[in-house]
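Engineer:
Numbering (UniProt numbering), first residue to last: 1 to 774.
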């Protein structure tokens, strides 16, 4: 079963990239008591340092000198506001981190036998939705396989293709056709093990009906089945083409990890048979069902753009909403001029298009991979009595290790840090839906659905598409309706990280856009929960506000610190002391995730060159707030070649270096040593970040493209003028479109006569008027 995607060259590995492809452990290491104590001391130190700065630096200046000048007063107020906001974000990092450490300490993994026993009697249906737009077929294929090999009893996977359904470009059409065939190919590949294990389960059930005590022969046969399944997966892994570290993860962790676990179970059963013992009858059935569940997923492909009655808005949220809105309903298809129309019909009426309903949904990005027991463990969590009001559970995705570029390695480090912080948010009830993967109760989505009529057709919005961070807004909607969200404290999902500066710009600008627009919904939720008698705690509110707005105040705050020459009397070592616990904690977290402690400096420089990107996203939010116009969803490019960066975002990092160097020279000349050191520090780290993550040559290429791209126009496909002249095309009346729309669509043919006027009223004769009066 080799890969169906076309081979493409692997990205060249850079110096300073990562070679180790081994992912972090699924279960987090239990933090020591010392680590937790140091975390608490870091929080206390940050608060005390901020208070000391405000009292002994700012207040002392006012008490000793009064408001000596308007400029100094303004500087002092603005500086303390900036420092307060930045310290606030650092403090909340430490608080969220502390919550994560406590969750990791208290987490106990559910044994496999308990999972199997639970799902022997609880088999809630699960539908996996994989939205995809112009993705490489090989990327989609790996994602669908990782979902198909989930050990879950009632699993259906739907690839939501959002590409234009009738492309004119032959290469695009071939890619679309390859994507359409993936689901069918996987189902065909699964047919052999599925049929084999279904037959063996039936044999086991019959044998246990005759004799409730399992025989050694039955145990040996079951062990052989597990070994056969492991060999089947190993054969598939051996046939895979490995082009990059993501392919390595798919082969070693998704296929190889499942094969190793099944092989281990087979070895354990063989050992039991040699000892003359056997598992109980119930456990034998559970083990047989596990094999059948692993290989019996159903797969399908859905394209909303083939249906004119569904929304075609260009974003991931509406791609999901289009399919979710059809689930559990029956339709009669009707061909229209713009595509197929789905007419809803009653339950007892004939229907030729029926979409199965599901108790749970799993939304999965097309560039994400799941480990084998993701669905089993997360649905088990939702079905515990204490979690009846949990609407969404997820494992915040981790990065693929072994990144071939420096920027992908560092972006992956920030992803793994965010995984820890998201786990901490759950400790305080401030979980946000991350979006790359999540298991959702469908009944919870029905609580927040918004229905409107667009063009005569019903459009249902379960996941809001008002902003480009649709998952964040839906988190607030669910909380307003009494639901909660939780991050499962294990590493069970992985997602791709942008490998170059151009694609990273697209991702980070989207992340920075939309948080400010959602804040009013948070205030409404706060009032609603207070009315319901379940008020939001201060820590939860602070964490949520920081999550949605910190990019805005950090971007503007950093601009102030970089650009304005503050009075040296406002600077104090205490300000640095307030930031030290934050950097030390982050360095410790990086080291625990397999990175270097010194990466805190690389991340600082990395954030400096991303300053214009974050600022652009924040300004887009403000633009949307003023104009009430939706911002188009920008998909993160996932191509093996480098994505060119826009001119502005390449030039501004160099301007930051130049301005920091100018500030260094100016403040050194004025003996304003505090500002001079800060400016020199920024210039040095920004230079390193430009060299490491953008690159001088790539900068030249992107600047040249940005300055000259407007001069080039894509050449249209050649047409034969001789044929066109010899065979003029006469317009044809599209009678279906006229009857459906009620007006002409396109140019009318010459033989169609339509009365168009002008209509001039002629004066009636005197006799006619009199006749009319009679």
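Each residue gets a CB set at the ideal place from its N, CA and C atoms; glycine is no exception.
This structure is a prediction, so every number in the text was calculated from the model and none was measured.
1) Note down, in chain order, each residue of its chain lying with its Cβ closer than 8 Å to the Cβ of residue 600, except the 5 sequence neighbours on either side.
2) Please name the residue, chosen from 519, 508, 363, that lies closest to residue 435 on a Cα-to-Cα basis.
3) Which residues mark the beginning and the end of the alpha helix (DSSP H) in which residue 446 is found?
4) By the 10 Å Cβ neighbour count, where 16 or more other Cβ atoms means buried, how is residue 527 classified, buried or exposed?
5) How is the alpha helix (DSSP H) around residue 138 delimited, first residue to last?
6) Cβ of residue 128 within 7 Å of Cβ of residue 142?
7) Spatial neighbours of residue 560 within its chain, please: C-beta separation below 6 Å, excluding the five flanking residues on both sides.
8) Would you call the CB atoms of residue 643 and residue 495 closer than 7 Å?
9) For residue 497, which three-state DSSP category applies?
10) If we ignore side chains and look at the alpha-carbon of each, how far apart do residue 84 and residue 623 end up?
11) Output the distance between the C-alpha atoms of residue 615 and residue 102, rounded to the nearest integer angstrom.
12) Leaving out the 5 sequence neighbours to the left and right, which residues in its chain are closer than 8 Å to residue 699 when beta-carbon positions are compared?
13) How should residue 199 be labelled, buried or exposed, when 16 other C-beta atoms within 10 angstroms of its C-beta is the threshold for buried?
14) With a threshold of 7 Å on Cβ separation, who are the neighbours of residue 719 within its own chain once the five nearest residues in sequence on each side are excluded?
15) Report, in whole angstroms, the separation of the C-beta atoms of residue 392 and residue 485, which I expect to be a contact under 8 Å.
16) Work out the CA separation of residue 432 and residue 423 for me, nearest whole Å.
17) What residue range does the alpha helix (DSSP H) around residue 650 cover?
18) Exposed or buried, residue 318, counting other C-beta atoms within 10 Å across all chains shown (16 or more means buried)?
19) Buried or exposed: where does residue 151 fall if 16 or more other Cβ atoms within 10 Å of its Cβ makes it buried?
20) Among 231, 251, 230, which residue has its Cα nearest to the Cα of residue 240?
21) At 4 residues or longer, what runs of the alpha helix (DSSP H) sit wholly inside the region 366 to 396?
22) By how many angstroms is the C-alpha of residue 401 removed from the C-alpha of residue 413?
23) Decide if the region 261 to 273 is in contact with the region 227 to 239; the criterion is three or more beta carbon pairs, one per stretch, under 8 Å apart.
24) For the beta strand (DSSP E) that contains residue 300, what are its first and last residues?
25) To the nearest angstrom, how far is the alpha carbon of residue 158 from that of residue 701?
26) Taking the beta carbon of residue 37 as the centre, do at least 16 other beta carbons fall within 10 Å, making it buried, or is it exposed?
27) Roughly how many angstroms lie between the CA atoms of residue 721 and residue 169, to the nearest whole one?
28) Grouping DSSP H, G and I as helix and E and B as strand, with all else coil, what is residue 331?
29) If we ignore side chains and look at the alpha-carbon of each, how far apart do residue 775 and residue 307 end up?
30) Is the beta carbon of residue 333 sitting closer than 7 Å to the one on residue 345?
31) Roughly how many angstroms lie between the CA atoms of residue 5 and residue 137, to the nearest whole one?
32) Whole angstroms are fine: how far does the CA of residue 193 sit from the CA of residue 299?
33) Assign residue 773 to buried or exposed, taking buried as 16 or more other Cβ atoms, counted over all protein chains shown, within 10 Å of its Cβ.
34) For the beta strand (DSSP E) holding residue 457, just list the boundary residues, first then last.
35) Give me the Cα-Cα distance between residue 388 and residue 443, rounded to the nearest whole angstrom.
36) Given a cut-off of 7 Å on the beta-carbon distance, is the pair residue 415 and residue 426 in contact?
Structural biologist: Working from what's here:
1) Translated into the one-based positions of the chain shown, residue 600 becomes position 600. Closer than 8 Å at the Cβ level, and outside the excluded window around residue 600, lie 583, 586, 587, 590.
2) Translated into the one-based positions of the chain shown, residue 435 becomes position 435. Minimum Cα-Cα distance from residue 435 among the listed residues 519, 508, 363 corresponds to 363.
3) Taking the first residue of the chain shown as 1, we reach residue 446 at position 446. From DSSP, the alpha helix (DSSP H) with residue 446 extends over 442 to 448.
4) Working through the chain shown from its first residue, we reach residue 527 at position 527. The residue in question, residue 527, is exposed, as its Cβ has fewer than 16 Cβ neighbours within 10 Å.
5) As a working note, residue 138 is residue 138 in the chain shown. Counting along the chain, the alpha helix (DSSP H) containing residue 138 begins and ends at 137 to 148.
6) Along the chain shown, one-based indexing puts residue 128 at 128. Along the chain shown, one-based indexing puts residue 142 at 142. It is not a contact, given that the beta carbons lie outside the stated cut-off.
7) Here residue 560 is taken as the residue at index 560 of the chain shown, counted from 1. Same-chain partners within the cutoff: 82.
8) Within the chain shown, the letter at position 643 stands for residue 643. Within the chain shown, the letter at position 495 stands for residue 495. In terms of Cβ geometry, residue 643 and residue 495 do not form a close pair [threshold 7 Å].
9) Within the chain shown, the letter at position 497 stands for residue 497. Three-state result, residue 497: coil.
10) To locate residue 84, count along the chain shown from 1; it is residue 84. To locate residue 623, count along the chain shown from 1; it is residue 623. For residue 84 and residue 623, the gap between their C-alpha atoms comes out near 26 Å.
11) Residue mapping note: residue 615 aligns to position 615 of the chain shown, counting from 1. Residue mapping note: residue 102 aligns to position 102 of the chain shown, counting from 1. The alpha-carbon atoms of residue 615 and residue 102 are separated by roughly 34 Å.
12) The count along the chain shown starts at 1 and reaches residue 699 at position 699. If we look at residue 699 and ignore the five residues flanking it on each side, its Cβ neighbours are 650, 654, 690.
13) As a position in the chain shown, residue 199 is number 199, starting the count at 1. Under this definition residue 199 is an exposed residue.
14) For the purposes of this step, residue 719 is taken as the residue at position 719 of the chain shown. Because residue 719 carries a pLDDT of 49, less than 50, the predicted location of this residue cannot be relied on, and no value is offered for it.
15) Within the chain shown, residue 392 is the residue found at index 392, counting from 1. Within the chain shown, residue 485 is the residue found at index 485, counting from 1. Contact holds; Cβ gap of about 4 Å.
16) For the purposes of this step, residue 423 is taken as residue 423 along the chain shown, with counting starting at 1. For the purposes of this step, residue 432 is taken as residue 432 along the chain shown, with counting starting at 1. Computed Cα separation, rounded: 10 Å.
17) Reading the chain shown from its first residue, position 650 is the one you call residue 650. For residue 650, the enclosing alpha helix (DSSP H) stretches over residues 647 to 669.
18) In the chain shown, counting from the first residue as 1, residue 318 sits at position 318. Its Cβ being crowded by 16 or more others within 10 Å, residue 318 is buried.
19) Here the question's residue 151 lines up with position 151 in the chain shown. Burial call: buried.
20) Taking the first residue of the chain shown as position 1, residue 240 is located at position 240. When only C-alpha atoms are compared, the closest one is 251.
21) Those alpha helix (DSSP H) runs which fall completely within the region 366 to 396 and span 4+ residues are 374 to 382.
22) Numbered from its first residue, the chain shown carries residue 413 at position 413. Numbered from its first residue, the chain shown carries residue 401 at position 401. Between residue 413 and residue 401, the C-alpha separation is close to 9 Å.
23) yes
24) Translated into the one-based positions of the chain shown, residue 300 becomes position 300. First-last of the beta strand (DSSP E) with residue 300: 298 to 302.
25) Indexing the chain shown from 1 puts residue 158 at position 158. Indexing the chain shown from 1 puts residue 701 at position 701. Taking the straight line joining both Cα atoms gives about 40 Å.
26) Here residue 37 refers to the residue found at position 37 when the chain shown is read from its first residue. Exposed, by the Cβ-count rule.
27) Start at 1 with the first residue of the chain shown, and residue 721 comes out as number 721. Start at 1 with the first residue of the chain shown, and residue 169 comes out as number 169. Low confidence applies to residue 721: its pLDDT is 44, below 50, so where it sits in the model is not reliable, and the reading given next is rough at best. So the alpha carbons of these two residues sit roughly 20 Å apart.
28) Along the chain shown, one-based indexing puts residue 331 at 331. Residue 331: strand per DSSP, three-state reduction.
29) Outside the displayed span of the chain (1 to 774) sits residue 775, for which this structure offers no information.
30) Here residue 333 is taken as the residue at index 333 of the chain shown, counted from 1. Here residue 345 is taken as the residue at index 345 of the chain shown, counted from 1. It is not a contact, given that the beta carbons lie outside the stated cut-off.
31) Locating residue 5 in the chain shown gives position 5, where the first residue counts as 1. Locating residue 137 in the chain shown gives position 137, where the first residue counts as 1. Confidence is the limiting factor: at residue 5 the pLDDT is only 39, short of 50, which leaves the residue's position unreliable, though a coordinate-based value still follows. Taking the straight line joining both Cα atoms gives about 6 Å.
32) As a first step, residue 299 must be located in the chain shown, where it is residue number 299. As a first step, residue 193 must be located in the chain shown, where it is residue number 193. Distance between the alpha carbons of residue 299 and residue 193 is about 16 Å.
33) By 1-based counting over the chain shown, the position of residue 773 is 773. In this predicted model, residue 773 has a pLDDT of only 42, less than 50, meaning its place in the structure is not dependable; the value taken from the coordinates is given anyway. Exposed is the call here.
34) In the chain shown, counting from the first residue as 1, residue 457 sits at position 457. Residue 457 -> beta strand (DSSP E) spans 457 to 461.
35) Taking the first residue of the chain shown as position 1, residue 388 is located at position 388. Taking the first residue of the chain shown as position 1, residue 443 is located at position 443. Between residue 388 and residue 443, the C-alpha separation is close to 11 Å.
36) As a first step, residue 415 is located in the chain shown; it is residue number 415 there, counting from the start. As a first step, residue 426 is located in the chain shown; it is residue number 426 there, counting from the start. In this structure, residue 426 does not lie closer than 7 Å to residue 415 by Cβ.
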